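Q: Chains as they are written, first to last, in my numbering: chain A, 1 to 270; chain B, 1001 to 1278; chain C, 2001 to 2289. Note that CB positions come from ideal geometry on N, CA and C, so glycine has one too. Being a predicted model, the structure only gives us computed values, none of them experimental. Can you keep this structure in mind? I'll have questions shortly.
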Amino acid sequence: MSGVTFAERRAAMGFCLHCWTTLLLLAFLVWASFAYLSLDLSRLFSAESGRGMLQFVLRFFPPDTSAEFLRKIAKGTLETLAISAIGTLLAAGAGLLLALPAAGRLGSVLKAVTRFLLNALRSVPELVWAALMVLAAGLGPFAGTLALALHTAGVLGRLFAESLENTPPEPARSLAESGAAPALAFLYGTLPAITPQLIAYSLYRWEMNIRMATVLGFVGAGGLGQMLYYELSLLHEAQASSVIIAMLALVVLVDAASAWVRRRQMRPGG
Amino acid sequence: MASSLQQPRLRDPDALRRAGWALLALLALWPLLLIAEFRPAELFDARNLAVMGGFLGQFFPPNLSGDFLAFVLKATMETLAMATAGTALAMLLAVPLGLVLTHSLSVSRIGPAPDRGAGEALRALARMTLLLLRGIPELVWALLLVRAFGLGPAAGVLAIALTYGGMLGKVYAEILESGDTRPARALLESGSGRLMAFFYGLLPGAGQELASYTIYRWECAVRASVIMGFVGAGGLGQLMDQSMKMLNGGEVSTILIVFLLLVLLADALSVFLRKLLA
Amino acid sequence: MSFELDRVGLVHANGQAQGQRALRAVSIAAARGERLAIIGPSGAGKTSLLRILASSIRPTEGRVSVLGSHPWQLGGSELRRLRSRIGFIHQAPPIPPRQRAITAVIAGRLGQWPWWKSALSLIYPADIAGPRDQLARLDLADRLFDRCDRLSGGQLQRVGVARVLYQRPDLLLADEPVSAMDPALADLTVSQLHAEAQSRGVTLVASLHAVDIALRWFPRVIGLRAGEVVFDLPPEKVSESVLRELYASETGVLPSQDNQPFNPPVGAHPADDAPAGGARKPVAPPRVI
């Protein structure tokens, strides 16, 4: 059993040089972020702030479960659902209209323009749209609906355009060659093929939009979010915690419902 | 007896069904439109139009004055710092929770030992915690934390840490279970501790996927940090909120442009890093 | 008493084979330092038997006693300590592909080292000479720092064996440890397992597909078929008829390491010492690893 040579020791190092430099760089960036924000974590997690946090959290219990407030919550939930539903519906319509030029069906200039437009719509977050829409349409759920419609139109428009591009053109082409007008050839030839995908995308976005709709109210766009913001500004913690529980319940229910639907679809013959 | 073969049906069998569904959809749509206060006419209300028009009119040209750009730069750095610090804290939360949750490090699954119940209970607790952290939207966390810690990026960092901690924890556990778990199991069966079984048995195989998802989450955190600013958590979002409240279209358009560029940059960086890992 | 199985039975609890009976009323005992080979057709339950001995699976019936303890009556940390004294060589080594051979071998002592030593070894191995020497015994020292996905099947199997040798267990269990090796390397590996068991006086139990290796190296051969022990004999008593009865449903050809039909020797065949000049030369040229 001889000793270990120097060459063996050098080869034994488990991390190569650029692994070390990457790790050190990342660690430095994380430290720099904390330093830049002057975040004194030790103060944050001190006993004093812990006590303050505990007192703050305790003010939220018990939640307000009076019949009158529960009615308000029910109304808020319906509002949130309505915002998400109408918003997604509008977005699907607008998205389909924009998808046609975006897929290149109406020329390459229009394609570039629409693609840019769809990207712009997508890149602005829903909340920013909501703040802008409150300026345009006033406080309330209408602003939220418009915000979701605008953002989601960008998302769905791009997804629809991709579906259009990936669908075989033969059915529409053969109809056009036998004399059908282009619009009709599209309606009879292409649309039936992509409709299942369009519906799937739209339902998926609707599910995500329900989550979004709950928070759009923070800038005044209606639904449970507006209620929460309102109650918190008045320091009504008990009411606020009821709204939060309602939000949580809504999200959990929607998750469960969509999982159930997906399971049914996957079953053979379903 | 006159059979249906002799008398061809002249009515579309689907017609009634389709009409029924259409009616149902309309009946459901009407109250929804009412509840959503869908009044397109309001968009063209004179007062709203004036406000909006004036606001939009100021969009061009965007405010590119030196002073303002300095503000915007500072806010951008703040946003990036928030996203990075928040994701780092989220990992701190997610790694232990994910390790506790994942089945592939469960000793009690290798033949029932007397203290099996404790392990299962701990895993259930971890799952509940992660669910709670994820289920509450990050903006709600941000709002609550602003009330608790005051305005500023601290609330945003913690809000990202909590929500993304929940998301990362769940995905980490799933990634660890979906790969090859035999190495870790073999180490557990030969008496290794759980943490070492993770480092020697799971990490070599799953490390790349874990890192890739974390980088993706960092990119999402950049966007989330901007949004949290709207409830007072600092960064570009707070700046934009202030400018909007003052109806300063020029400033808002500058910030929007910077935001779009930032998101593009973060996206490119994330794609680059993840390709580097592969 | 190294281990004792008393009417042990096992019914698979989950997975593809759920509900199927793997073992039925198996009773085997072994003293410290014994060397046993387990042979039998595929699906006989060899792996299940070894895993019960390793305290990895709990039997559905019967009692198990390993290294002086009843594993399923121990608490968590005691069970862990017991398991760290048992070494298990898997047929397909459970090693992450990207791991280096040295780290894979060092993992053998994870159950014994303090946590800081194990953690440090991820970055720089706390012991280089030890794994190197174990790999050298199996003619693999030159691959010490290579990644395991660059090794062939037979080399990877030897890394798995080296890990268990490095562990220095009190009970050595091997589940078809040489299935991917050519006859020469298989001989080397089994001779090393044999040497380890003899020099440290520990018990060795190996399940083998190749009958020739079992008869050549082990003084006690157990035949397993459909989950039951069919015989428990010294190799000289294992005659051709006994073997044909064991492998009855197979193609009629008895398996051997070089894939040539195995012809059991007619007369007595001592297996206590390493075969001297009488080593079987492989009929086919050795497979290049």
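Run through the DSSP bridge pairs and tell me what Ser2069/C is partnered with.
A: In the third sequence, residue 2069/C corresponds to position 69, counting from 1. Val2066/C, per the DSSP bridge assignment.
Q: From which residue to which residue does the beta strand (DSSP E) around Arg2024/C run?
A: Looking up residue 2024/C in the third sequence gives position 24. Residues 2021-2030.
Q: What are the uninterrupted segments assigned as beta strand (DSSP E) that are 3 or more residues long and contained completely in the segment 12-38 of chain A, given in chain order?
A: Taking only runs of at least 3 residues, no beta strand (DSSP E) segment lies wholly in the segment 12-38 of chain A.
Q: So with Cβ pairs under 8 Å, would you call Glu48/A a contact of chain B?
A: Counting from one through the first sequence, the residue named residue 48/A turns up at place 48. No, because no Cβ of chain B sits closer than 8 Å to the Cβ of Glu48/A.
Q: So if DSSP puts Val254/A in a beta bridge, which residue, or which two residues, is it bridged to?
A: Locating residue 254/A in the first sequence gives position 254, counting from the first residue. In DSSP, Val254/A forms no bridge with anything.
Q: Buried or exposed: Trp1141/B, going by 16 or more other Cβ atoms within 10 Å of its Cβ?
A: Along the second sequence, read from residue 1 onward, the residue named residue 1141/B stands at position 141. Flag for Trp1141/B reads buried.
Q: Suppose you measure from the CA of Gln2167/C to the CA of Arg2085/C; what does that come to, to the nearest Å?
A: Along the third sequence, one-based indexing puts residue 2167/C at 167. Along the third sequence, one-based indexing puts residue 2085/C at 85. Roughly 8 Å separates the two Cα atoms.
Q: On a Cα-Cα basis, can you pick out the residue from Phe116/A, Met133/A, Val57/A, Pro192/A that is closest to Pro1040/B?
A: In the second sequence, residue 1040/B corresponds to position 40, counting from 1. Ranking Phe116/A, Met133/A, Val57/A, Pro192/A by Cα distance to Pro1040/B puts Met133/A first.
Q: Beta carbon of Met1244/B, beta carbon of Val1252/B: below 8 Å?
A: For the purposes of this step, residue 1244/B is taken as residue 244 along the second sequence, with counting starting at 1. For the purposes of this step, residue 1252/B is taken as residue 252 along the second sequence, with counting starting at 1. Their beta carbons are under 8 Å apart, which means Met1244/B touches Val1252/B by this criterion.
Q: Taking the alpha-carbon positions, what's the Arg1274/B to Ala1211/B distance?
A: Within the second sequence, numbered from 1, the residue matching residue 1274/B stands at position 274. Within the second sequence, numbered from 1, the residue matching residue 1211/B stands at position 211. Those two C-alpha atoms are separated by around 8 Å.
Q: Whole angstroms is fine: what's the gap from Asp1267/B's alpha carbon to Leu248/A's?
A: Indexing the second sequence from 1 puts residue 1267/B at position 267. Indexing the first sequence from 1 puts residue 248/A at position 248. Going from the Cα of Asp1267/B to the Cα of Leu248/A covers about 30 Å.
Q: Which same chain residues, not among the five before or five after Ala137/A, have their C-beta less than 8 Å away from its C-beta?
A: Within the first sequence, numbered from 1, the residue matching residue 137/A stands at position 137. Correct list, in chain order: Ala143, Leu146.
Q: Which residue's Cα is closest to the Cα of Gly2009/C: Gly2062/C, Glu2034/C, Ala2029/C, Gly2019/C?
A: Mapped onto the third sequence, residue 2009/C falls at position 9. The shortest Cα separation from Gly2009/C among Gly2062/C, Glu2034/C, Ala2029/C, Gly2019/C belongs to Gly2062/C.
Q: Locate the alpha helix (DSSP H) running through Gly1054/B, then write down its first and last residues.
A: Translated into positions along the second sequence, residue 1054/B becomes position 54. Unbroken alpha helix (DSSP H) run through Gly1054/B: 1046-1057.
Q: Assuming Ile2039/C contacts Val2178/C under a Cβ cut-off of 8 Å, what Cβ separation, rounded to an integer in Å, is found between them?
A: In the third sequence, residue 2039/C corresponds to position 39, counting from 1. In the third sequence, residue 2178/C corresponds to position 178, counting from 1. Ile2039/C to Val2178/C, Cβ: 13 Å. No contact.
Q: Going by the DSSP bridge assignment, what does Ile2089/C pair with across the sheet?
A: In the third sequence, the residue the question calls residue 2089/C occupies position 89. Paired residue(s): Ala2174/C.
Q: Using the rule of at least 16 other Cβ atoms within 10 Å of the residue's Cβ for burial, across every protein chain shown, is Lys2237/C buried or exposed?
A: Sequence index remark: in the third sequence, residue 2237/C carries index 237 (1-based). Lys2237/C is exposed by the Cβ-count criterion.
Q: Closer than 7 Å between beta carbons: that is the criterion. Which residues of the segment 134-152 of chain A meet it against chain B?
A: Result list: Leu135, Ala136, Ala137, Gly138, Gly140, Pro141, Phe142, Thr145.
Q: Please classify Ser1225/B: is it buried, with 16 or more other beta-carbons within 10 angstroms of its beta-carbon, or exposed?
A: Indexing the second sequence from 1 puts residue 1225/B at position 225. Result: buried.
Q: Give the secondary structure of Ala2268/C by DSSP, where H, G and I count as helix, E and B as strand, and everything else as coil.
A: For the purposes of this step, residue 2268/C is taken as residue 268 along the third sequence, with counting starting at 1. With a pLDDT of only 41 at Ala2268/C, under 50, the local geometry of the prediction cannot be trusted, and no value is derived from it.
Q: So, for Pro171/A: in the same chain, excluding its five sequence neighbours on each side, which residues have a beta-carbon less than 6 Å away from its beta-carbon?
A: For the purposes of this step, residue 171/A is taken as residue 171 along the first sequence, with counting starting at 1. Contacts found: Gly189.
Q: Closer than 7 Å: is that where the CB of Gly1169/B sits relative to any heavy atom of the ligand COA?
A: Summarising the ligand content, the structure contains no ligands, and the ligand COA is consequently not present.
Q: Using a Cβ-Cβ cut-off of 7 Å (strictly less than) and excluding sequence neighbours within five positions of His1103/B, which residues of its own chain qualify?
A: By 1-based counting over the second sequence, the position of residue 1103/B is 103. For His1103/B, where only same-chain residues beyond five positions count, the Cβ hits under 7 Å are Arg1109, Glu1177.
Q: Quick one: what does DSSP say Phe45/A is sitting in, helix, strand or coil?
A: Position 45 of the first sequence, counted from the first residue, corresponds to residue 45/A. Phe45/A falls in the coil class under three-state DSSP.
Q: Kindly say whether Tyr188/A, judged by its beta-carbon, lies nearer than 8 Å to any beta-carbon of chain B.
A: Translated into positions along the first sequence, residue 188/A becomes position 188. No, because no Cβ of chain B sits closer than 8 Å to the Cβ of Tyr188/A.
Q: Quick one: which chain C residues come within Cβ less than 8 Å of Phe342/A?
A: Outside the modelled stretch of chain A, which goes from 1 to 270, sits residue 342/A, for which no answer is possible.
Q: Check whether chain B comes within 8 Å of Leu253/A, counting only Cβ atoms and requiring the distance to be less than that.
A: The sequence position of residue 253/A within the first sequence is 253, counting from 1. No - not a single Cβ of chain B is within 8 Å of the one on Leu253/A.
Q: Given that a residue counts as buried once 16 or more other Cβ atoms are within 10 Å of its Cβ, and exposed if not, what is Arg10/A?
A: Here the question's residue 10/A lines up with position 10 in the first sequence. So Arg10/A ends up on the exposed side.
Q: Going by CA-CA distance only, name the one from Gly1054/B, Asp1241/B, Ala1161/B, Leu1132/B that's closest to Arg1217/B.
A: For the purposes of this step, residue 1217/B is taken as the residue at position 217 of the second sequence. The candidate whose alpha carbon is nearest that of Arg1217/B is Ala1161/B.
Q: Leaving out five residues before and five after Leu117/A in sequence, what residues of the same chain have Cβ atoms less than 6 Å from its Cβ?
A: What you label residue 117/A is simply residue 117 of the first sequence in a count that begins at 1. Around Leu117/A: no qualifying Cβ.
Q: Go through its chain and collect everything with a Cβ distance to Val1146/B's Cβ below 7 Å, but skip five positions before and after it.
A: Stepping through the second sequence from its first residue, residue 1146/B is reached at position 146. Ala1155, Val1231, Gly1232, Ala1233.
Q: Kindly indicate the opening and closing residues of the alpha helix (DSSP H) around Asp2127/C.
A: One-based indexing of the third sequence puts residue 2127/C at position 127. No alpha helix (DSSP H) contains Asp2127/C, which DSSP labels as neither H nor E.
Q: In this structure, does DSSP put Gly217/A in helix, strand or coil?
A: As a position in the first sequence, residue 217/A is number 217, starting the count at 1. Note: Gly217/A maps to helix in three-state DSSP.
Q: For the beta strand (DSSP E) holding Ile1136/B, just list the boundary residues, first then last.
A: For the purposes of this step, residue 1136/B is taken as the residue at position 136 of the second sequence. Careful: Ile1136/B lies outside any beta strand (DSSP E) and carries neither H nor E.
Q: Residue range of the beta strand (DSSP E) that Ser2207/C falls in?
A: Locating residue 2207/C in the third sequence gives position 207, where the first residue counts as 1. Looking at the DSSP string, the run of the beta strand (DSSP E) that includes Ser2207/C is 2203-2207.
Q: For Arg1274/B, decide whether its Cβ has a neighbour in chain C, counting only Cβ atoms nearer than 8 Å.
A: The residue labelled residue 1274/B in the question sits at position 274 within the second sequence. No - not a single Cβ of chain C is within 8 Å of the one on Arg1274/B.
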